[in-house]
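>
Residue numbers (full-length UniProt numbering): 1 to 118.
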């Protein structure tokens with residue numbers, strides 16, 4: 001379970017920087033095809049949002065829509081002092097997930113990124 005008390009025991013919860021701004025709480029999610037950011041975090045960091053729609057489907061059901069993005073930003077994500085390349089990060093409602101940022105495969109599949117579980 002992701003929550004305030006589980007950060008120490010969850011090696012997939014990471015502090016992440018978007019374009020050198022203050023760190024946000026990120027969750028590395030190897031099952032997510034893209035990166036997702038809460039609307040309130042995008043607003044707080046004053047990130048320029050482009051209008052776009054990205055349909056997101058849950059695990060195992062490609063017919064039932066789970067979530068639609070409200071826009072996107074282009075930014076780089078830095079985790080553990082490793083800065084990835086600029087990529088699209090989709091903006092979603094705050095109640096879509098409990099962490100600020102879902103770090104999905106668009107970041108994990110960058111050639112200089114290696115995921116090593118401790």
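Beta carbons: idealized from backbone N, C-alpha and C, even for Gly. This one's a predicted model, so the numbers in the text were calculated from it and none came from an experiment.
With respect to the beta strand (DSSP E) encompassing residue 74, which residues constitute its N-terminal and C-terminal limits?
Residues 71 to 75.
> Who are the near neighbours of residue 101 in its chain, counting only those whose CB is closer than 8 Å to its CB and skipping five residues on each side?
Closer than 8 Å at Cβ, skipping near neighbours: 16, 18, 24, 25, 26, 27, 35, 36, 37, 38, 41, 77 and 89.
> Return the chain-ordered list of same chain residues with a C-beta closer than 6 Å to the C-beta of residue 1, the five sequence neighbours on each side being excluded.
Interpretation of residue 1 is limited by its pLDDT of 36, a score under 50 that renders its predicted location unreliable; no figure is taken from the coordinates.
> Pull the bridge partners of residue 17 from the DSSP assignment, please.
For residue 17, which the question treats as bridged, DSSP gives the partners 78.
> May I ask you to list the residues that DSSP assigns as paired with residue 24?
Beta-bridge pairing links residue 24 to 16.
> Does the beta-carbon distance from residue 52 to residue 72 come in below 8 Å?
Yes; because the gap between Cβ atoms is below 8 Å, this pair is in contact.
> So residue 11 and residue 104 are in contact, right, with Cβ under 8 Å, and what is the actual spacing, rounded?
That pair is no contact at about 17 Å.
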